[in-house]
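K.L.:
Take this structure, written in structure tokens, and hold onto it; I'll ask about it next.
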Amino acid sequence: MGSADLVGADAPERPRRPRWAVWGERALETIIRLSGVSAIIFVLAIFFFVFREAAPVLFNGHFNILQFLFSTAWYPTSESNIRYGTFALTLGSFSVTALAMALAVPFGLGAAIYISEFSGPKQKETLKVIIELLAAIPSVVWGFIGLTIMNKIIVAVTGAPVGVNLLNGGIILALMSVPIIVSIGEDALKAVPDSYREAALAIGTTKWQLIYRVLFPAAKNGLLAAVLLGVGRAVGETMAVLMATGHAVQIPHGVLDSVRTLTANIAAELGEAAAGSDHYRVLFLTGVLLFCITFAVNLTADFVIRGVRRK
Numbered sequence: 002m003g004s005a006d007l008v009g010a011d012a013p014e015r016p017r018r019p020r021w022a023v024w025g026e027r028a029l030e031t032i033i034r035l036s037g038v039s040a041i042i043f044v045l046a047i048f049f050f051v052f053r054e055a056a057p058v059l060f061n062g063h064f065n066i067l068q069f070l071f072s073t074a075w076y077p078t079s080e081s082n083i084r085y086g087t088f089a090l091t092l093g094s095f096s097v098t099a100l101a102m103a104l105a106v107p108f109g110l111g112a113a114i115y116i117s118e119f120s121g122p123k124q125k126e127t128l129k130v131i132i133e134l135l136a137a138i139p140s141v142v143w144g145f146i147g148l149t150i151m152n153k154i155i156v157a158v159t160g161a162p163v164g165v166n167l168l169n170g171g172i173i174l175a176l177m178s179v180p181i182i183v184s185i186g187e188d189a190l191k192a193v194p195d196s197y198r199e200a201a202l203a204i205g206t207t208k209w210q211l212i213y214r215v216l217f218p219a220a221k222n223g224l225l226a227a228v229l230l231g232v233g234r235a236v237g238e239t240m241a242v243l244m245a246t247g248h249a250v251q252i253p254h255g256v257l258d259s260v261r262t263l264t265a266n267i268a269a270e271l272g273e274a275a276a277g278s279d280h281y282r283v284l285f286l287t288g289v290l291l292f293c294i295t296f297a298v299n300l301t302a303d304f305v306i307r308g309v310r311r312k
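Residue 162 in my numbering sits at position 161 of the sequence shown; the count goes up by one each step and never skips.
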């Protein structure tokens with residue numbers, strides 16, 4: 002008998018696991034797999050439901066998809082010439098989101114840097130609690146703030162005839178997006194190993210050089226994700242922009258012009274449209290358009306993140 006046989010013979014046998022433990026482990030693995038797949042299933046189910054309600058108007062023979070996408074005329078209840086043009090609504094959504102991000106990204110990332118790198122422990126906890134409270138404010142409350150407070154401030158400062166406009170909606174959406182950007186951005190900066198900070202300080206870098214040349218490159222994926230989540234928050238917002246932007250169907254030529262967004266248009270008119278009518282179907286088609294825009298933004302962001310990771 003060889004030495005390998007002796008070793009194998011002397012080795013203690015592995016205790017057999019109880020059958021119930023094996024079944025429990027397999028059941029847990031199955032639940033985890035289903036949870037991962039369920040997100041995809043839910044998204045596809047939502048898209049199928051929205052598209053099913055919108056499909057009849059696409060194939061009724063007299064609907065013009067080019068007019069729907071590129072016309073600025075939105076007259077769904079006209080008795081003589083019904084038109085469903087969403088181009089002004091799409092530009093309204095993009096303009097409000099762009100203005101909100103121009104305001105929210107610098108303040109959000111700046112606040113995340115301050116909380117992560119400059120504030121003390123007690124101050125950090127206090128600021129994080131305040132930011133979480135801001136994130137918990139309902140969107141309708143933000144809408145009331147825009148309608149009652151920001152409206153008067155904008156009229157007094159700019160002299161605009163109406164204070165519910167693109168500027169009002171952009172400021173409100175920025176305030177709503179900042180807590181998300183701050184929370185995710187601060188987590189991304191905190192995830193950078195302390196050895197990076199210690200090495201940078203050891204070679205004589207200043208605090209700002211540490212942030213710009215070390216922390217930003219190391220946390221760029223997390224910071225970009227924070228900005229993209231803020232964009233998603235702004236694009237999908239409904240009640241706040243419905244109350245703060247003036248709800249006028251027009252192409253904005255300045256920040257003091259009133260606009261209407263895709264989401265606000267759906268929320269305002271879906272309850273008044275007769276179920277099964279063309280107007281009802283077109284509002285669901287607007288939801289499909291919004292779904293496609295959101296998908297395109299997320300897909301572009303995914304490609305950008307992959308490109309940043311390769312670098």
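The beta carbon of each residue, even a glycine, is placed where N, CA and C say it ideally should be.
Under the DSSP definition of a beta bridge, which residues are partnered with Gly171?
P.N.:
Answer is none; Gly171 lacks a bridge partner.
K.L.:
Considering only the alpha carbon of each residue, which of Arg20, Ser94, Gln68, Phe145 lies closest to Glu238?
P.N.:
Of the listed residues, the one whose Cα sits closest to Glu238 is Ser94.
K.L.:
In the DSSP assignment, find the alpha helix (DSSP H) that holds Phe49 and state where it starts and stops.
P.N.:
Residues 20 to 59.
K.L.:
How about Ala276 and Ser178: are their beta carbons less than 9 Å apart?
P.N.:
Against a cut-off of 9 Å, the Cβ pair of Ser178 and Ala276 comes out as no contact.
K.L.:
Would you mind giving the Cβ-Cβ distance between Ile181 and Gly231, rounded to the nearest angstrom? I have them listed as a contact below 8 Å.
P.N.:
Yes, Ile181 and Gly231 are in contact; Cβ-Cβ is about 5 Å, under 8 Å.
K.L.:
With respect to the alpha helix (DSSP H) encompassing Asp195, which residues constitute its N-terminal and C-terminal limits?
P.N.:
Taken as a continuous stretch (DSSP letters only), the alpha helix (DSSP H) holding Asp195 covers 195 to 203.
K.L.:
Quick one: what's got a C-beta closer than 7 Å to Tyr281's C-beta in the same chain, skipping five residues either side?
P.N.:
The answer, listed in chain order, is Ala274, Ala275.
K.L.:
Counting only the same chain and skipping the five closest in sequence on each side, list residues whose C-beta sits under 7 Å from that of Phe88.
P.N.:
For Phe88, where only same-chain residues beyond five positions count, the Cβ hits under 7 Å are Leu70, Phe71, Ser72, Thr73.
K.L.:
Which residues in the same chain as Arg234 place their Cβ atom closer than 6 Å to its Cβ, once the five residues preceding and following it in sequence are excluded?
P.N.:
Contacts found: Ser178, Ile181.
K.L.:
Please report the straight-line C-alpha distance between Gly147 and Ile267, rounded to a whole angstrom.
P.N.:
Gly147 and Ile267: Cα-Cα distance of roughly 20 Å.
K.L.:
Between Glu199, Ala56, Leu92, Ala265, which has its C-alpha nearest Val283's C-alpha?
P.N.:
With distances taken between Cα atoms, Val283 lies closest to Ala56.
K.L.:
Starting from the Cα of Thr262, find the closest Cα among Leu45, Val97, Arg53 and give me that residue.
P.N.:
Taking only the C-alpha atoms, the option nearest Thr262 is Val97.
K.L.:
Per DSSP, which residues does Arg261 bridge with? Please list them.
P.N.:
Note: Arg261 sits in no beta bridge, so no partner.
K.L.:
Using a Cβ-Cβ cut-off of 7 Å (strictly less than) and excluding sequence neighbours within five positions of Thr159, which residues of its own chain qualify?
P.N.:
Excluding sequence neighbours, Thr159 sits near Leu257.
K.L.:
Hey, quick one: how far does the alpha helix (DSSP H) through Gly233 stretch, first residue to last?
P.N.:
Taken as a continuous stretch (DSSP letters only), the alpha helix (DSSP H) holding Gly233 covers 221 to 236.
K.L.:
At a cut-off of 8 Å, would you count Lys191 as near the ligand ZN, judging by its Cβ distance to the nearest heavy atom?
P.N.:
Summarising the ligand content, the structure contains no ligands, and the ligand ZN is consequently not present.
K.L.:
Quick check on this structure: which residue in Ala203, Gly288, Leu225, Lys129 has the alpha carbon closest to the alpha carbon of Glu54?
P.N.:
It is Gly288.
K.L.:
Identify which residue in Met151, Ala113, Gly121 has its Cα closest to the Cα of Glu133.
P.N.:
Measuring from the Cα of Glu133, the nearest candidate turns out to be Ala113.
K.L.:
Locate the alpha helix (DSSP H) running through Asn65, then write down its first and last residues.
P.N.:
From DSSP, Asn65 is part of no alpha helix (DSSP H); its letter is neither H nor E.
K.L.:
What does the alpha-carbon distance come out to for the pair Ser120 and Leu128?
P.N.:
C-alpha separation (whole angstroms): 9 Å.
K.L.:
Indicate the three-state DSSP secondary structure (helix, strand or coil) for Gly186 in the structure shown.
P.N.:
In this structure, Gly186 counts as helix in the three-state DSSP scheme.
K.L.:
Tell me which residue opens and which closes the alpha helix (DSSP H) that Ile154 is part of.
P.N.:
First-last of the alpha helix (DSSP H) with Ile154: 152 to 159.
K.L.:
Since I believe Met151 is in contact with Gly164 (beta carbons under 8 Å), could you give me their beta-carbon distance rounded to a whole number of angstroms?
P.N.:
Confirmed, about 7 Å.
K.L.:
Please name the residue or residues paired with Tyr85 in a DSSP beta bridge.
P.N.:
DSSP, once it has assigned bridges, lists Trp75 as partnering Tyr85.
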